[in-house]
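To start, the structure itself, in structure tokens.
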Amino acid sequence: MLYPTVMAAVVLLTLAAIGSVVWAIRLRRQREIEQYLIDADALRALLEPEPRVMVFDVRQPLDLLAHSEMIPGAKRIPPKELLANPTLVSEEIDTVLYCTCEDQKTSVEIVRHGLSLGFRRMKVLRGGLTAWKAKGYPVVPYKESFRLDTAF
């Protein structure tokens with residue numbers, strides 16, 4: 001039988017190894033998505049004087065309710081709908097998605113799903129609508145009705 005201190009050391013080393021693996025997986029996933037991020041300045045340059053990208057607002061309904069404004073020219077598509085039907089995004093033109101989630105969670109999930117299906121022209125607005133507004137770039141009111149279906 002192992003002594004309690006030896007068993008504790010084995011448990012701690014095992015937990016440390018598991019933690020290292022989890023950290024490495026998260027780091028790899030973050031690095032994979034980095035090439036699909038675009039900042040607010042770069043997006044603004046692609047939108048003016050004439051839009052050269054499609055922009056999709058994929059915020060969750062409660063986020064849209066809290067901040068009923070969007071980037072001019074953006075099209076609102078519920079995340080659930082876009083995940084179910086990624087062909088709503090064109091394969092012929094670059095597309096930028098934005099949300100207001102911490103770490104762009106919704107946008108990143110949709111882009112990862114699109115990438116797994118072969119869509120390569122999708123990007124995520126780094127910092128989402130918050131970063132866009134922080135730069136002082138324009139927003140327009142969102143006036144269309146929407147459902148508060150929060151299921152992802």
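FYI, the numbering for the sequence shown is 1 to 152, going by the numbering used here.
By construction, the Cβ of each residue, glycine as well, lies at the ideal position given by its N, Cα and C atoms.
Since we're looking at a predicted model, the values are computed, not measured.
DSSP, reduced to helix, strand and coil, places Pro141 within a strand of the structure shown.
Assigned with DSSP and collapsed to three states, Ile38 falls in strand. If you check the CB distance, Gln60 and Thr106 come in under 8 Å.
The beta carbon of Asp94 is closer than 6 Å to those of Val53 and Arg121 in its chain, skipping five residues each way along the sequence.
Cβ neighbours of Thr5 within its own chain (closer than 6 Å, five residues either side excluded): none. Exclusion of the five residues before and after Pro51 leaves Gly73 as the residues of its chain whose Cβ lies within less than 8 Å of its Cβ. Val11 counts as exposed, since fewer than 16 other C-beta atoms from the protein chains shown sit within 10 angstroms of its C-beta. For Gly128 against Thr100, the beta-carbon gap comes to about 5 Å, under 8 Å, which counts as contact. Under the three-state reduction of DSSP, Glu92 is assigned to coil, being neither helix nor strand.
Separation of Lys75 and Phe56 (C-alpha to C-alpha, rounded to the nearest whole angstrom) is 5 Å. Within the same chain, Val108 come within 6 Å of Ile33 by CB-CB distance, once the 5 residues on both sides are set aside. Straight-line spacing of the CA atoms in Asn85 and Ala131 works out to 27 Å.
Under the three-state reduction of DSSP output, Leu97 falls in the strand class.
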